[in-house]
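Novice: Supplied in structure tokens, the structure appears directly below.
Printed below as a string of structure tokens:
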């Protein structure tokens, strides 16, 4: 629903990210409603996304294992890449208030 938070959780096999390495999450938004990109806070094992507008979004989720190489560089090993189509529905209209300030239907 528009304005709500979506949590993307990355599950890995035990030992997929060994001691001394870390997981890097990248989330690319490849399609979104005009003028509305989601707010993305990548993290492992959970990333948070907030979609401000309803519509169709296409996102590419990538999970890599990053480790130190022997020459002061890093190695990135892909663990997962997945494209997802997400349809965000409009937020419901708030329930109208009566003249007394109470929500109708009560």
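Residue numbers (the working numbering): 102 to 207. Beta carbons: idealized from backbone N, C-alpha and C, even for Gly.
Name the DSSP beta bridge partners of residue 194, please?
Specialist: Mapped onto the chain shown, residue 194 falls at position 93. DSSP lists no partner for residue 194.
Novice: To the nearest angstrom, how far is the alpha carbon of residue 169 from that of residue 119?
Specialist: On the chain shown, position 68 is the one that residue 169 refers to. On the chain shown, position 18 is the one that residue 119 refers to. If you draw a straight line from the Cα of residue 169 to the Cα of residue 119, it is about 12 angstroms long.
Novice: Between which two residues does the beta strand (DSSP E) containing residue 162 stretch?
Specialist: Locating residue 162 in the chain shown gives position 61, where the first residue counts as 1. Counting along the chain, the beta strand (DSSP E) containing residue 162 begins and ends at 156 to 169.
Novice: Taking C-beta to C-beta, are residue 139 and residue 111 nearer than 8 angstroms?
Specialist: The residue you call residue 139 lines up with position 38 of the chain shown. The residue you call residue 111 lines up with position 10 of the chain shown. Contact flag unset, no.
Novice: For the beta strand (DSSP E) containing residue 181, name the first residue and the last one.
Specialist: Residue 181 sits at position 80 when you count from the first residue of the chain shown. 175 to 189 is the extent of the beta strand (DSSP E) around residue 181.
Novice: With distance defined between alpha-carbon atoms, name the residue in 136, 107 and 165 nearest to residue 122.
Specialist: Along the chain shown, read from residue 1 onward, the residue named residue 122 stands at position 21. With distances taken between Cα atoms, residue 122 lies closest to 165.
Novice: Taking C-alpha atoms, which residue in 116, 150, 173 and 163 lies nearest to residue 103?
Specialist: The count along the chain shown starts at 1 and reaches residue 103 at position 2. Considering only alpha carbons, the answer is 150.
Novice: Of the choices 128, 171 and 184, whose alpha-carbon is the least far from that of residue 142?
Specialist: Taking the chain shown and counting its residues from 1, one reaches residue 142 at position 41. For the residues 128, 171 and 184, the minimum Cα distance to residue 142 belongs to 128.
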